[in-house]
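When you line the sequence shown up against the numbering used here, it's residues 8 to 87, in that order.
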Amino acid sequence: MQRTDRTPQPIEFKGTTLPVVVVTLRSLQADELARAATALFGGNDFFDGDAAVLDLAQLVEVPEPDWRRLKQVFKAHGLN
8 MQRTDRTPQP IEFKGTTLPV VVVTLRSLQA DELARAATAL FGGNDFFDGD
58 AAVLDLAQLV EVPEPDWRRL KQVFKAHGLN
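Below you can see the structure in the form of structure tokens.
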């Protein structure tokens, strides 16, 4: 059913197929994640610019994360 109201809505969904990597985090400590990612993938762009969705459901403690640092960690391995 299509809306007849042309007022812009605050959210919109469009169907698309997008390859995405789901990253399940059990910690938000950037240094710990950087060491683990380097151990798993080495020091290169393992993911080649892939899109990532962070799954935070398994976090036990949720301290205030340093999102800038976490973004750097993931980008260093090719995740966006």
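Every residue gets a Cβ at the ideal spot worked out from N, C-alpha and C, and that includes glycine.
All of these numbers come straight from a predicted model, not from anything done at the bench.
Backbone CA spacing between residue i and residue j [nearest angstrom]
i      : j      : result
Leu-32 : Thr-14 : 38 angstroms
Pro-70 : Leu-35 : 7 angstroms
Thr-45 : Val-60 : 19 angstroms
Gly-56 : Ala-83 : 10 angstroms
Arg-76 : Phe-20 : 29 angstroms
Ala-93 : Ile-18 : Shown here, the chain extends from 8 to 87; a query on residue 93 therefore has no answer.
Leu-47 : Leu-66 : 20 angstroms
Candidates the options, of which the one nearest residue i by Cα
i      : options                   : result
Ala-64 : Phe-54, Phe-53 and Val-29 : Val-29
Asn-87 : Asp-52, Asp-38 and Gln-16 : Asp-52
Cutoff 8 angstroms; reference residue i; Cβ partners in own chain excluding five residues on either side
i      : result
Pro-26 : Asp-57 and Ala-58
Beta-carbon contacts of residue i that lie in its chain and below 7 angstroms, excluding the five residues immediately before and after
i      : result
Glu-68 : none
Trp-74 : none
Val-80 : Ala-37, Leu-40, Ala-41 and Ala-44
Next on the checklist: Give the list of continuous beta strand (DSSP E) stretches no shorter than 3 residues that lie fully inside the segment 9-34.
Outcome noted: If we require 3 residues or more, the beta strand (DSSP E) runs fully inside the segment 9-34 come out as 27-31.
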